[in-house]
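Structure first, commentary second.
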Amino acid sequence: MRPLCREEETALFRIGSGSMPAIMNKTGDWRFATPVKREKTSPCRAACPLHNNIAHWVGQVKNGDMAAAWEILSRSNPFPAITGYVCYNFCQEKCNRPEYDEAVAIGELEKQVGLWRHKQSALSPAGPVTGMELPVRVAVVGAGPAGLACAYYLRMLGVQVVVLERERVAGGLLAWGIPEYRLPRDVLAQEIQLLLNMGVNFRFGVELSRDITLSVLEEDYDAVFLATGAAEEKELGVAGEKLSGVYGALQYLRTVHLGDTVPEGKNVVVVGGGNAAIDAACTARRRGAEVVVVYRRSREAMPAHPEEVRAAEEAGVQLLFQVAPQAVLGENSVEQFQLVRTEAESRERPVRIIPNSGFTLDCDTVLVAVGQKPQYEALGSGIVINSASPVTGKTGVFAGGDLATGPATVAAAIAAGREGARSIAGYLEIGSQSDTEAVFADALDWSAPVSEFRPVNPFLYPRSKQSANPQEEAGRCLSCGQCNGCSVCWLFCPDMAVLEGEADCRLELEYCKGCGICVRECPAGVLEMEVGLGDKEDHHG
1 MRPLCREEET ALFRIGSGSM PAIMNKTGDW RFATPVKREK TSPCRAACPL HNNIAHWVGQ
61 VKNGDMAAAW EILSRSNPFP AITGYVCYNF CQEKCNRPEY DEAVAIGELE KQVGLWRHKQ
121 SALSPAGPVT GMELPVRVAV VGAGPAGLAC AYYLRMLGVQ VVVLERERVA GGLLAWGIPE
181 YRLPRDVLAQ EIQLLLNMGV NFRFGVELSR DITLSVLEED YDAVFLATGA AEEKELGVAG
241 EKLSGVYGAL QYLRTVHLGD TVPEGKNVVV VGGGNAAIDA ACTARRRGAE VVVVYRRSRE
301 AMPAHPEEVR AAEEAGVQLL FQVAPQAVLG ENSVEQFQLV RTEAESRERP VRIIPNSGFT
361 LDCDTVLVAV GQKPQYEALG SGIVINSASP VTGKTGVFAG GDLATGPATV AAAIAAGREG
421 ARSIAGYLEI GSQSDTEAVF ADALDWSAPV SEFRPVNPFL YPRSKQSANP QEEAGRCLSC
481 GQCNGCSVCW LFCPDMAVLE GEADCRLELE YCKGCGICVR ECPAGVLEME VGLGDKEDHH
541 G
């Protein structure tokens, strides 16, 4: 179709002093440059470990359609309520909107979509997209975020899924590693219940190699996904670390969150600079202890997220930088911690100990958070773990999450579980193309450029701060790199060359004389000027 003018309005569209209506005046041959539509990768999506299509689902929140937002988001992330609470919002850090006023609160919007789903699920529990049960069984070893995500996507395809977990609860680090003040346990419990409602089965207290071997799983199941994580804690390697009162940070967090007998230290020293160290420190502080975190490098080199570090300081946790452990002192239990000062500002440079700089801290508890590693020996022989692919050295056995990459983020683990499920579906040859498209999002096209900020029209997009109202906040999104049908190009086009009422920008090039106004006004930055006439019959959809 092309723009139409009612006869009584044609006088409004005269060209110069002539009598020809604009609709009859095909000015396309006048141009030397043509606007073309080239969608790009939004910077928030490029930064997201899950690569979820943020601009698209945020656009649905803007429209007030949470169901459509969930449909889009779930194909990349089935647990937005969880990531809305615990993710470090890498997407927001790359949002283009701060170039104008303030970043879009993507994490909060993600959380709201997830919580909406919790409320709706009681009415319509999710199930296989085909509505059919497949005679296919898959074992998922580990009920952390990677394992849970893999189970979700396979179940959506109709696979019979059994999740084996060594602890007595599901969730992995979500259940016993991340403090409740960061992730409310009722939110996690709701996600587990949703998986149960879908038909995912759990077996607790089952540990690989101790209670069951991989070879048995290979015999009993059509495929196996290994998601056992990286929870084996590294030691300090100093004298006295076997004294009573020295615990791994994850060991301490597990004890606290699973309700076991907890060491009640009054003066706690936490060794390390990562998120596990900060979580352990804040947990001990909330239990009434005086807490000091010691880290061998500078504040800037800390791997912990800056927001978490600031929150720890606000809670009363003391931070000591550029100090390294030398020994744990005491008769039968911890009494003091001996440290030495260091020179090492960046993580790229080795730590150098400053001679004669030793000192001690009085303490009764030491929590060690100097790193974690997977327990590869439990996997048996023939397994080749590849951080770039879920495929292992054994046919039908796949792996992902922290087991493959080492300690990473919850979002990265969920992405690994999703890709594990995608690989297993391909291996088992299950699901039609339409089924897989309904379950999995398309992979991110890294060849597409990342959209950069471009000035927007302040009359159409007035400066604003973040809003607590989800629809209002979603309306602040500029949909960078993705056409969302905002019709700004139609509004400003002087030649009536943009088709009105289309879902996205479509141009009638017979009438476009290449003035470039649409390119300058496009808030998403999807229009570019290209030298040449282009195809005059092409609508550039």
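The sequence shown runs 1 to 541 under this note's numbering. Glycine included, C-beta positions come from ideal geometry on N, C-alpha and C. Given the structure is predicted, the values throughout are model-derived calculations rather than measurements.
- CA-to-CA, the gap between Glu39 and Gln60 works out to about 18 Å.
- Annotated three-state conformation of Thr255 is helix, per DSSP.
- Annotation for Val391: Phe398, Ser423 place their beta carbon closer than 7 Å to its own, counting only its chain and skipping 5 residues before and after.
- Within 10 angstroms of the beta-carbon of Val163 lie 16 or more other beta-carbons, which makes it buried.
- Each residue's CA atom was taken as its position, placing Tyr376 and Gly417 some 18 Å apart.
- In this structure Met132 is exposed. Its beta-carbon is surrounded by fewer than 16 other beta-carbon atoms within 10 angstroms.
- The shortest CA-to-CA distance from Val410 to any of Pro43, Tyr88, Leu320 is the one to Tyr88.
- Contact check between the segment 64 to 73 and the segment 105 to 117: three or more CB pairs, one atom from each, fall below 8 Å, which counts as touching.
- DSSP lists Ile353 as the bridge partner or partners of Thr342.
- Annotation: the segment 277 to 331 contains the following complete segments of the beta strand (DSSP E) (minimum length 3 residues), in chain order: 290 to 295, 318 to 321, 323 to 329.
- Residue environment analysis places Gln433 among the exposed positions, since fewer than 16 neighbouring C-beta atoms fall within 10 angstroms of its C-beta.
- Within its own chain, the residues whose Cβ lies closer than 7 Å to the Cβ of Cys91, once the five positions on either side in sequence are excluded, are Cys44, Ala47, Cys48, Ile54, Ile106, listed in chain order.
- Spatial neighbours of Ala33 in its own chain (CB-CB distance under 8 Å, excluding positions within 5 residues in sequence) are listed in chain order as Gly514, Gly516, Met529, Glu530, Val531, Gly532.
- The three-state reading of DSSP puts Arg155 in helix, counting H, G and I together.
- Using a C-beta cut-off of 8 Å, the segment 430 to 447 makes contact with the segment 126 to 140, since at least three inter-stretch Cβ pairs fall below that distance.
- Annotation for Phe453: no alpha helix (DSSP H) segment contains it, and DSSP assigns it neither H nor E.
- With a cut-off of 8 Å on Cβ pairs, the segment 74 to 86 is not in contact with the segment 453 to 469, counting fewer than three such pairs.
- Of the candidates Ala344, Leu339, Ala421, the residue whose Cα lies closest to the Cα of Asn356 is Leu339.
- Annotation for Gln318: Val292 place their beta carbon closer than 6 Å to its own, counting only its chain and skipping 5 residues before and after.
- For Val271 against Val334, the beta-carbon gap comes to about 12 Å, at or over 8 Å, which does not count as contact.
- DSSP places Pro35 in no alpha helix (DSSP H) but in the uninterrupted beta strand (DSSP E) bounded by 33 to 37.
- Per DSSP, the continuous beta strand (DSSP E) segment holding Asn201 begins and ends at 201 to 204.
- In its chain, beyond the 5 residues on either side, Ala227, Gly400, Gly401, Ala413, Ala416, Gly417 have a beta carbon closer than 6 Å to the beta carbon of Ala146.
- Contact between the segment 257 to 270 and the segment 225 to 239 is absent: fewer than three C-beta pairs spanning the two stretches fall below 8 Å.
- Shown here, Asp65 sits in coil according to DSSP, grouped into three states, outside any helix or strand.
- The residue from Ala311, Glu308, Ala344, His305 with its alpha-carbon nearest to that of Ala324 is Ala344.
- Rounded to the nearest whole angstrom, the CA to CA distance from Val129 to Leu154 is 11 Å.
- Look at the beta carbons and you see the segment 463 to 473 touching the segment 95 to 103: at least three pairs across the two are nearer than 8 Å.
- Taking all protein chains in view, the Cβ of Asn197 is surrounded by fewer than 16 other Cβ atoms within 10 Å, so the residue is classified as exposed.
- Under the DSSP definition of a beta bridge, Phe492 lacks any partner.
- Distances from the CA of Ala239 to each of Gln336, Lys373, Ala524, Lys119 were compared; the closest alpha carbon is that of Gln336.
- For Gln160, the secondary structure class from DSSP, reduced to helix, strand or coil, is strand.
- Straight across, the Cα-Cα distance linking Ala280 with Ser209 is about 29 Å.
- Separation of Gln193 and Glu93 (C-alpha to C-alpha, rounded to the nearest whole angstrom) is 32 Å.
- Checking the DSSP bridge columns, you'll see Ser244 partnered with Ser333.
- Boundaries for Met198: no beta strand (DSSP E) harbours it, while the alpha helix (DSSP H) harbouring it runs 185 to 198, taken from the DSSP string.
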